[in-house]
Amino acid sequence: MRDWRADFHLHTVLSPCGDLAMSPATIMARAAEIGLDLVAVSDHNSAKNTPAWRDAAAARGVKALYGLEVRSAEEVDVLTVFDEVEAALAFGQWVYAALPDIACDERVFGEQIVVDGQENILGFEPRLLISGIEHDLETVCATAREHGALVIGAHVDRGVDSILSQLGWLPEGLAIDAVEVTRYTDEQALVEAHPSLAGVPMVRFSDAHLPADIGFQQTLFRVEEPSVAELKLALAGLDGRSALPLRRALSDRS
Amino acid sequence: MTVSEMAQALGLKAVTAVGEQQIQGAMAADLISDVLANGAPGQVWLTIQTHRNVAAVASTQDLAAVVITGGREPNNDLIALANHESVTILLSNEDTYAVAGRLYALGVR
Ligand SMILES: [Zn+2]
């Protein structure tokens, strides 16, 4: 059993809002530099940069997992994290099939760039990735889980695109393993304001769109091996596994 | 009716430049994807959303103006993009229901 410093909420150049410096190779280099050892990219509604992420990880010796940040029909963002690229891509195809066929206007939304692990541009995703897909939140979570994902309600305390902003409270029985809390909010205060979150495991990740934000918030996982199955045990606090969200408020920033 | 006539009639506060574009109807929506799918050129969009994507969607759909209701304040990213894309952003202290009713009474259908 050992501790892993994890950040599963990182946007590459495939996300229209991702900075042009956010290539998988650059993110991986920065992750290694700041001592993260378990990292996943999570672009909006697409896993198309996860093969590059695998290549970039191999070059750095950092353990990679493979994610997407899916936006449901209610415009709730959900982080889904997979053990393997193939599983992320298969789930990504299910997501893409339900993504409205609206072209990305790069002028106002930004470019959606598919790259390889060496920062070569392979192509541009033409369809706008930040639309809500046609499936509701319940279906997104259940289907992600069927595909083998760790499922996390993204930035749950945020005023837009979160479970709380769109639905008011966490619906009972939703197939999620944890909720993610932003740097602005304290866990205890959050549960006091939103009793539906009582007992729900909480994690903190960076939601980085810029290199400087990578690993800004992290979660420390104590697990036997860095797999989705073990991470689920850690979030549930079972069998000696644990998950510790590390808060860094904005004022801590150096 | 033009956008500036509407702003005057409803006492809206402008945070970006107000044009003389003719209004071609209106919609009330708080889901960005709803406006992406159903927003039509020349419409006024009533919403409580205040993030940057409001200006982006207003631009892609060629809307006449956005009215942010309920006394909410737009964030700086939204204002910056709206200025850049010449999107008219107006603010109302009334809620969406009240603004929609007044627009309807003014003949915006
Ligand atoms: Zn994100």
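Chain order of the listed sequences is A and B. Take the position in the first sequence, starting the count at 1, then add 545; the result is the number in the working numbering. Take the position in the second sequence, starting the count at 1, then add 214; the result is the number in the working numbering. We put the CB at the ideal spot given by N, CA and C, even for glycine.
TODO: Output, in chain order, the set of chain B residues within a Cβ distance shorter than 8 Å of GLY698/A.
DONE: Here the premise fails: no neighbours, minimum Cβ distance about 18 Å.
TODO: For ALA270/B, decide whether its Cβ has a neighbour in chain A, counting only Cβ atoms nearer than 7 Å.
DONE: yes
TODO: May I have the straight-line CA-CA distance separating ALA251/B from LEU292/B, to the nearest angstrom?
DONE: 21 Å
TODO: Count the C-beta pairs between the stretch 235-244 of chain B and the stretch 259-267 of chain B that are closer than 8 Å, then say yes if the count reaches three, no if not.
DONE: yes
- [ ] Within the stretch 662-707 of chain A, note down every full beta strand (DSSP E) run reaching 3 residues or more, in order along the chain.
- [x] Scanning the stretch 662-707 of chain A for uninterrupted beta strand (DSSP E) segments of 3 residues or longer gives 666-669 and 695-698, listed from N- to C-terminal end.
Open item on the list: Taking the straight line between their C-alpha atoms, what separation do you get for CYS686/A and GLU629/A?
Closed with: 18 Å
Open item on the list: Using a Cβ-Cβ cutoff of 7 Å, what residues of the stretch 644-666 of chain A are near chain B? List them in chain order.
Closed with: PRO645, ILE647, ASP650, VAL653 and PHE654
Task: For ARG575/A, the nearest candidate out of SER591/A, HIS589/A, THR595/A and GLY606/A (CA to CA) - done: GLY606/A
Open item on the list: Taking 6 Å as the cut-off, is the beta-carbon of GLU614/A closer than that to any non-hydrogen atom of ligand 1?
Closed with: yes
Open item on the list: Please tell me whether ILE250/B has its Cβ less than 7 Å away from any Cβ of chain A.
Closed with: The amino acid occupying residue 250/B in the given sequence is Leu; Ile does not appear at that position. Yes, its Cβ sits closer than 7 Å to a Cβ of chain A.
Task: For LYS593/A, the residue or residues it bridges with in DSSP - done: According to DSSP, LYS593/A bridges with nothing at all.
Task: Secondary structure of PHE553/A, DSSP reduced to three states - done: PHE553/A falls in the coil class under three-state DSSP.
- [ ] Assign ALA753/A to one of three DSSP states: helix, strand, or coil.
- [x] In this structure, ALA753/A counts as strand in the three-state DSSP scheme.
Task: Proximity below 7 Å, CB of LEU674/A to CB of ASN590/A - done: yes
TODO: Compute the Euclidean distance between the alpha carbons of ARG767/A and MET546/A, then round it to the nearest angstrom.
DONE: 7 Å
- [ ] Residues of the stretch 665-681 of chain A with a CB closer than 8 Å to any CB of chain B: list them in chain order, please.
- [x] LEU673, ILE675, SER676 and GLY677
- [ ] Can you tell me which of the three DSSP states TYR318/B falls into?
- [x] helix
TODO: Would you mind reading off the limits of the beta strand (DSSP E) that contains ALA723/A?
DONE: 723-725
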